[in-house]
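Colleague: Residue numbers (numbering that gives the first Met the number 0): 0 to 110.
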Amino acid sequence: MTYVVTENCIKCKYMDCVEVCPVDCFYEGENMLVINPDECIDCGVCEPECPAEAILPDTEDGLDSWLELNTKFSASWPNITVKGDSPGDADEWKDKPDKLSQLSEAPGPGS
0 MTYVVTENCI
10 KCKYMDCVEV
20 CPVDCFYEGE
30 NMLVINPDEC
40 IDCGVCEPEC
50 PAEAILPDTE
60 DGLDSWLELN
70 TKFSASWPNI
80 TVKGDSPGDA
90 DEWKDKPDKL
100 SQLSEAPGPG
110 S
């Protein structure tokens, strides 16, 4: 089992999860974070820290495509170990559905 970042993170990117991760398995895109499933130790401390409730265990139904997305982008986006600033409009995007089309494949700055 691993944890995966899902659609709710897109355009929110609160980054509270980064502060609590003991193994630094988060990677930063321009408008989303992902978890490297090979580095995640399944501790679960990140899940309750996410204000957007975007982090879920991969054992939940329907997350296969998100596991693939996390795997793909964690291989090319930079690692992030320090919480940065969330986008100014994060709260506006927090609970909006169908945000996948908003996902930028561009890497973020990392830390």
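Idealized CB from N, CA, C, for every residue including glycine. As the structure is a prediction and not an experimental result, all values here were calculated from the model.
1. Comparing C-alpha positions only, which one of Pro108, Leu68, Ser85 sits nearest to cysteine 11?
2. Would you say cysteine 49 and cysteine 8 are within 9 Å of each other, going by their C-beta atoms?
3. Tell me glutamate 27's beta-bridge partners as DSSP assigns them.
4. In angstroms with no decimal places, state the Cα-to-Cα distance between proline 96 and alanine 51.
5. Closer than 8 Å to a non-hydrogen atom of the ligand MN - does that hold for the CB of lysine 10?
6. Tell me the rounded alpha-carbon separation between glutamate 67 and valine 81.
7. List the residues that DSSP assigns as beta-bridge partners of asparagine 78.
8. According to DSSP, is leucine 62 helix, strand or coil?
Modeller: Inspection of the coordinates gives the following:
1. Comparing Cα-Cα distances from cysteine 11 to each of Pro108, Leu68, Ser85, the minimum goes to Ser85.
2. With contacts defined by Cβ atoms closer than 9 Å, cysteine 49 and cysteine 8 form a contacting pair.
3. Bridge partners of glutamate 27: Leu32.
4. Approximately 12 Å between the Cα atoms of the pair.
5. The ligand MN is absent from the structure shown, which contains no ligands of any kind.
6. Roughly 24 Å between the two C-alpha positions.
7. Assignment of beta-bridge partners to asparagine 78 by DSSP yields Tyr26.
8. DSSP places leucine 62 in the coil class of the three-state scheme, outside both helix and strand.
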